[in-house]
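Residue numbers (the working numbering), protein chains in the order written: chain A, 1 to 440; chain B, 1 to 440.
There are 2 protein chains.
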Amino acid sequence: MQHGDLIIKADYLLTMEDDLTVIKNGAVAVKGKNIVKAGTSEEISKEYTSEKIIGGQGRVVFPGLVNTHTHAAMVYLRGIADDIPLQEWLEKHIWPVEGKFLTSEFVADAVELACLEMLKAGVTTYADMYFYEDTAGKKLEKIGMRGVLGAGVIDFPSMYAQSADDYFRSAENLINNWKGSELVTPCVAPHATYTCGPENYKRARELAEKYDIPIHTHLSETQWEVSEIQRRYGKTPVEYLDEIGILSERLFAAHCVWLTDKDIEILAKKRVGVAHCIESNLKLASGIAPVPKMLKAGVKVAFGTDGAASNNDLSILGEMSTAAKVHKAISEDPTVLNSKTALLMATRYGAEILGLGDKVGSLEQGKLADLVIANLEKPHLTPIYDIYSHITYCMRPSDIETVIVNGKIVVDAGRLTTMDEEEILNKARGWQEKIKGSSD
Amino acid sequence: MQHGDLIIKADYLLTMEDDLTVIKNGAVAVKGKNIVKAGTSEEISKEYTSEKIIGGQGRVVFPGLVNTHTHAAMVYLRGIADDIPLQEWLEKHIWPVEGKFLTSEFVADAVELACLEMLKAGVTTYADMYFYEDTAGKKLEKIGMRGVLGAGVIDFPSMYAQSADDYFRSAENLINNWKGSELVTPCVAPHATYTCGPENYKRARELAEKYDIPIHTHLSETQWEVSEIQRRYGKTPVEYLDEIGILSERLFAAHCVWLTDKDIEILAKKRVGVAHCIESNLKLASGIAPVPKMLKAGVKVAFGTDGAASNNDLSILGEMSTAAKVHKAISEDPTVLNSKTALLMATRYGAEILGLGDKVGSLEQGKLADLVIANLEKPHLTPIYDIYSHITYCMRPSDIETVIVNGKIVVDAGRLTTMDEEEILNKARGWQEKIKGSSD
Numbered sequence: 001m002q003h004g005d006l007i008i009k010a011d012y013l014l015t016m017e018d019d020l021t022v023i024k025n026g027a028v029a030v031k032g033k034n035i036v037k038a039g040t041s042e043e044i045s046k047e048y049t050s051e052k053i054i055g056g057q058g059r060v061v062f063p064g065l066v067n068t069h070t071h072a073a074m075v076y077l078r079g080i081a082d083d084i085p086l087q088e089w090l091e092k093h094i095w096p097v098e099g100k101f102l103t104s105e106f107v108a109d110a111v112e113l114a115c116l117e118m119l120k121a122g123v124t125t126y127a128d129m130y131f132y133e134d135t136a137g138k139k140l141e142k143i144g145m146r147g148v149l150g151a152g153v154i155d156f157p158s159m160y161a162q163s164a165d166d167y168f169r170s171a172e173n174l175i176n177n178w179k180g181s182e183l184v185t186p187c188v189a190p191h192a193t194y195t196c197g198p199e200n201y202k203r204a205r206e207l208a209e210k211y212d213i214p215i216h217t218h219l220s221e222t223q224w225e226v227s228e229i230q231r232r233y234g235k236t237p238v239e240y241l242d243e244i245g246i247l248s249e250r251l252f253a254a255h256c257v258w259l260t261d262k263d264i265e266i267l268a269k270k271r272v273g274v275a276h277c278i279e280s281n282l283k284l285a286s287g288i289a290p291v292p293k294m295l296k297a298g299v300k301v302a303f304g305t306d307g308a309a310s311n312n313d314l315s316i317l318g319e320m321s322t323a324a325k326v327h328k329a330i331s332e333d334p335t336v337l338n339s340k341t342a343l344l345m346a347t348r349y350g351a352e353i354l355g356l357g358d359k360v361g362s363l364e365q366g367k368l369a370d371l372v373i374a375n376l377e378k379p380h381l382t383p384i385y386d387i388y389s390h391i392t393y394c395m396r397p398s399d400i401e402t403v404i405v406n407g408k409i410v411v412d413a414g415r416l417t418t419m420d421e422e423e424i425l426n427k428a429r430g431w432q433e434k435i436k437g438s439s440d
Numbered sequence: 001m002q003h004g005d006l007i008i009k010a011d012y013l014l015t016m017e018d019d020l021t022v023i024k025n026g027a028v029a030v031k032g033k034n035i036v037k038a039g040t041s042e043e044i045s046k047e048y049t050s051e052k053i054i055g056g057q058g059r060v061v062f063p064g065l066v067n068t069h070t071h072a073a074m075v076y077l078r079g080i081a082d083d084i085p086l087q088e089w090l091e092k093h094i095w096p097v098e099g100k101f102l103t104s105e106f107v108a109d110a111v112e113l114a115c116l117e118m119l120k121a122g123v124t125t126y127a128d129m130y131f132y133e134d135t136a137g138k139k140l141e142k143i144g145m146r147g148v149l150g151a152g153v154i155d156f157p158s159m160y161a162q163s164a165d166d167y168f169r170s171a172e173n174l175i176n177n178w179k180g181s182e183l184v185t186p187c188v189a190p191h192a193t194y195t196c197g198p199e200n201y202k203r204a205r206e207l208a209e210k211y212d213i214p215i216h217t218h219l220s221e222t223q224w225e226v227s228e229i230q231r232r233y234g235k236t237p238v239e240y241l242d243e244i245g246i247l248s249e250r251l252f253a254a255h256c257v258w259l260t261d262k263d264i265e266i267l268a269k270k271r272v273g274v275a276h277c278i279e280s281n282l283k284l285a286s287g288i289a290p291v292p293k294m295l296k297a298g299v300k301v302a303f304g305t306d307g308a309a310s311n312n313d314l315s316i317l318g319e320m321s322t323a324a325k326v327h328k329a330i331s332e333d334p335t336v337l338n339s340k341t342a343l344l345m346a347t348r349y350g351a352e353i354l355g356l357g358d359k360v361g362s363l364e365q366g367k368l369a370d371l372v373i374a375n376l377e378k379p380h381l382t383p384i385y386d387i388y389s390h391i392t393y394c395m396r397p398s399d400i401e402t403v404i405v406n407g408k409i410v411v412d413a414g415r416l417t418t419m420d421e422e423e424i425l426n427k428a429r430g431w432q433e434k435i436k437g438s439s440d
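Okay, here's the thing in structure tokens:
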């Protein structure tokens, strides 16, 4: 009999391994940071013993959810402007506030709130694109969350950097500071085809190859972007990035709303990962990405919330439910994006497109223990006939009871264990007053 | 100084009266079943005193949400079959289970679970279409929820009735039993244009006129229905119901997905209310109703969840968020269905299309006290710039703290006060085992 640091039991265990079998009365044994075994409760009991056994009756266990595209610090701009056209939203609201408030201190405080919200909603990993990611990295270590932090690069100066050299210096610093970290994966994030010319994309690729890290970008989000890139380069955004050699398994691209069939073929062939941000795309009226077509063509698609300013929350459960429903109506086919596929996209596919597929995304021996326990004993989750259906169509962040990242319990009975929740909310309220005051 | 039975205070009070003003530091005074005054906390304090003051800091108060179309008892079939074509869903799953289990006892137990779920999600009134509504009415009185209960009518026999006379006898009994009830409004519910011929629609109208009650029907839900009615009568479903004299302010029609411009004109002119069921329509791949067009034409549109078998929950907050986002993308216009409109549809418009507009739907002197208090002190609701935006895009059922129906607190600190929650869940689990067993 071996000793485990922690054993998690549940009525339903979803490992999200290849066959997507539901293990009834399942258990997971954790030792240190790792899963040492996942199987039926009976199997685990025969091999492992532990002083700490959690979960149990009326519970389901599945891998931590992965948010593959966000701008975490923008959580401080949640709901600051809605229901208005994209350009007005950006130019009159988002950019002016960022221009006035975007500092390392802003990011430090805002990231705490974003992580708090995500962890309580069962998100254990997020991929970010923003500035001051070094600051974000420190917060991730403190709060105990996993992140792929993308140092933003754009062709023009900002409060954060004055030149391309500046942006890339920051990106290289980020990489050197975090390469080898357990929780933080550094990443380079050229913003988009319309804000980064070929030079900066190529520099990003070189940096990524030199340090073997992922590249994070926005791609084909709006019809305007597609016409603009057509006008500049005579190509679709996907063809353009392909031509300059950016497309590879290393790249994960957010949005991919406006794609030709040829674009989809290219994405599949070059094994680019796609972060589908349905709620943001709907809310900004950007359009609806051809996800069933991409999946069919073999493109790996996962979910992203985008920033809270355009969503307006950071819940992957919400993205799953919205996507699974909307694509049925758009495809005029109720069989597309079924509930198993939705959870697969939210877990294993998410980890894979971020280059973390060997570490997290499913519950199997040797992987890091990133997982959630949800409470099924709720009116809206009763009765139960199909656990995948319930997670995709009914489950809410408030059903998430326990969250484990890297073997550590970071949410227990729905409360963050690593930092004081009230303090995080109070900081946010302080910033809210400053930001409100500035626009009055 | 007058005495109130209850005073509710909040940082934000949304009365949903005509101008949709946000009252900061607001309060509502309740005496018996009625609102005696709503205004600023200062105004209320000058006129009213009470031993019971609830709500307070970090809270928002708004009218109870109205679910204008559901089949409450189908909550027992939640998630029994998903991600399959409509006909297969109905014929292989829903109808066989209903055929085997649909009794008065089934409805009695299932309605408890549906009411529990809805009340905890801030829904204070629902409009139903099903069978054994007498049983449902008794449950509503026990649990303390408001309902417009529609006795179903179809052209063919069922477990519940053998003939048209049978269906209408049941409907008339329902009316006689509940006419004048405070919580229950009886209603007649001819199922749909493809399941009820003109005779039964006309009998329903006569009954409704005789007793001055509403009519509830399904209308233009699928493309198949539109072609079928074209084939049978050479008209669209809307034109057909217009021709036989069914369209009036008395009628509220669920779905209205497939409408011609002329249909929309007719619905506006005849003042028919529409129950928009976006999540069900998406999930069954039925299509997306032209809501912005209907609103522009002056049609009153509210939200419905449809049954939990096709949604899969009974949350109006979910419908608001989904609808506000989806219509933006479909219209390619981020300004449509803004957050104020969403809450208006979910409250005042909902009450109005059910014929309850003079009683509930907004918080004003003399109306019945149906209202909710939500807790804003949550990560996903922080910071706050616009309270309407937060309710539409971020609020979740778990934020609903207190629910008052007819002046009585039925949910307190998130728990039902009128019945035992655990007992309701246990009954549901018993039925789940029977239903599962029957299909094994």
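Backbone N, C-alpha and C fix where the C-beta goes; we use that ideal spot for every residue, glycine too.
Predicted model only: the values in this text are computed from it and were never measured.
State buried or exposed for residue i, treating a residue as buried only when at least 16 other CB atoms are found within 10 Å of its CB.
i: residue 32 of chain B; result: exposed
i: residue 122 of chain A; result: buried
i: residue 99 of chain B; result: exposed
i: residue 156 of chain B; result: exposed
i: residue 21 of chain B; result: exposed
i: residue 474 of chain B; result: Outside the modelled stretch of chain B, which goes from 1 to 440, sits residue 474 of chain B, for which no answer is possible.
i: residue 214 of chain B; result: buried
i: residue 426 of chain B; result: exposed
i: residue 262 of chain A; result: exposed
i: residue 133 of chain B; result: buried
i: residue 104 of chain A; result: exposed
i: residue 413 of chain B; result: exposed
i: residue 16 of chain A; result: buried
i: residue 117 of chain A; result: buried
Can you check which of these residues, the options, is closest to residue i by C-alpha distance?
i: residue 236 of chain A; options: A:218, A:258 and A:348; result: A:258
i: residue 218 of chain A; options: A:153, A:243 and A:44; result: A:153
i: residue 250 of chain B; options: B:287, B:353, B:44 and B:138; result: B:353
i: residue 113 of chain B; options: B:363, B:142, B:9 and B:95; result: B:142
i: residue 399 of chain B; options: B:406, B:405 and B:391; result: B:391
i: residue 436 of chain A; options: A:407, A:102, A:97 and A:246; result: A:97
i: residue 360 of chain A; options: A:414, A:404 and A:321; result: A:404
i: residue 129 of chain A; options: A:295, A:174 and A:117; result: A:174
i: residue 172 of chain B; options: B:366, B:211 and B:161; result: B:211
i: residue 42 of chain B; options: B:55, B:36 and B:28; result: B:28
i: residue 182 of chain A; options: A:34, A:342, A:385 and A:15; result: A:34
Could you pull out every residue in the same chain whose Cβ sits closer than 7 Å to the Cβ of residue i, ignoring the five residues on either side in sequence?
i: residue 345 of chain B; result: 301, 302 and 303
i: residue 318 of chain B; result: 279
i: residue 277 of chain B; result: 69, 254, 255, 304, 305 and 306
Going by beta carbon distance, what residues of the same chain come within less than 6 Å of residue i, once the five residues before and after it are set aside?
i: residue 125 of chain A; result: 66 and 146
i: residue 256 of chain A; result: 219, 220, 274 and 289
i: residue 167 of chain B; result: 153 and 161
Please tell me whether, using a cut-off of 7 Å, the distance from the CB of residue i to the nearest non-hydrogen atom of the ligand NAP is below it.
i: residue 110 of chain B; result: With respect to the ligand NAP, the structure shown offers nothing to examine, as it has no ligands at all.
Compare the C-beta of residue i with all C-beta atoms of chain E and state if any pair is closer than 8 Å.
i: residue 405 of chain B; result: As a matter of chain content, chain E is missing from the structure shown, whose protein chains are A and B.
key: Runs of alpha helix (DSSP H) lying entirely within the region 207-295 of chain A, each at least 4 residues, in chain order   = For the region 207-295 of chain A, whole alpha helix (DSSP H) runs of length 4 or above, ordered along the chain, are 223-233, 237-243, 261-269 and 278-283.
### Inter-stretch contact (C-beta, 8 Å, three-pair minimum) for the region 303-321 of chain A and the region 60-78 of chain A
Verdict: yes, contact present.
*Pair every Cβ in the region 4-11 of chain B with every Cβ in the region 45-62 of chain B, then say whether three or more of these pairs are closer than 8 Å.*
With the cut-off at 8 Å, the region 4-11 of chain B and the region 45-62 of chain B touch.
* Does the count of Cβ pairs from the region 90-104 of chain B and the region 321-334 of chain B closer than 8 Å reach three? -> With the cut-off at 8 Å, the region 90-104 of chain B and the region 321-334 of chain B do not touch.
_List, from N- to C-terminal side, the alpha helix (DSSP H) runs of 4 residues or more that fit wholly inside the region 353-412 of chain A._
Counting only runs of 4 or more, we get 387-393.
Item to complete: Could you tell me whether the region 226-236 of chain A touches the region 206-214 of chain A, using the rule of 3 or more Cβ pairs below 8 Å?
Response: Contact between the region 226-236 of chain A and the region 206-214 of chain A is absent: fewer than 3 CB-CB pairs across the two stretches fall below 8 Å.
- Should the region 420-427 of chain B be called in touch with the region 373-389 of chain B, which here means at least 3 C-beta pairs below 8 Å? No contact exists between the region 420-427 of chain B and the region 373-389 of chain B.
Subject >> 4 or more residues per run - each alpha helix (DSSP H) lying fully within the region 93-162 of chain B >> reply: If we require 4 residues or more, the alpha helix (DSSP H) runs fully inside the region 93-162 of chain B come out as 95-101, 104-120 and 133-143.
*asked:* If contact is defined by three or more beta carbon pairs under 8 Å, each pair taking one atom from either stretch, is the region 279-292 of chain B in contact with the region 330-347 of chain B?
replied: Output reads yes: the region 279-292 of chain B touches the region 330-347 of chain B.
Query - 3 or more residues per run - each beta strand (DSSP E) lying fully within the region 297-323 of chain B - result: Secondary structure remark: continuous beta strand (DSSP E) runs of at least 3 residues inside the region 297-323 of chain B, in chain order: 300-303.
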